[in-house]
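Notes for the one structure printed next.
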Amino acid sequence: MAHRRFDADYSSDRKDDCRQQKECVTGVLIEEAEGVVIPGLSAMIEFIEAATPLINLRYTRNP
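Per the numbering used here, residue 1 is the first one in the sequence shown, and the count goes up by one each step.
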């Protein structure tokens, strides 16, 4: 299953790498949304929370 890769990365003391990757992907998604759907979106955001498949698995026990 795909979540195994994230699980291995998170367990191997790569938490900082995972966090940086989440921040990067989140930024790209916000920029894309601003350019296509919601101009000025980044100025409206007060809080950002992103999750990986591993976090979803841990919280919900669903793959």
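From the three backbone atoms N, C-alpha and C, an ideal C-beta is built for every residue, glycine too.
Going along the chain, which residues of its own chain have a beta-carbon closer than 8 Å to the beta-carbon of residue 37, five neighbours each way excluded? none
N- and C-terminal bounds of the alpha helix (DSSP H) containing residue 19: 15-36
Give me the Cα-Cα distance between residue 29 and residue 41, rounded to the nearest whole angstrom. 11 Å
On the premise that residue 22 lies in contact with residue 43, defined as a C-beta separation below 8 Å, what is that separation, rounded to the nearest angstrom? Not a contact, Cβ separation roughly 21 Å.
Integer Cβ distance of residue 24 from residue 52, believed to fall under 8 Å: Between residue 52 and residue 24 the Cβ distance is about 12 Å, and since that is not below 8 Å, they are no contact.
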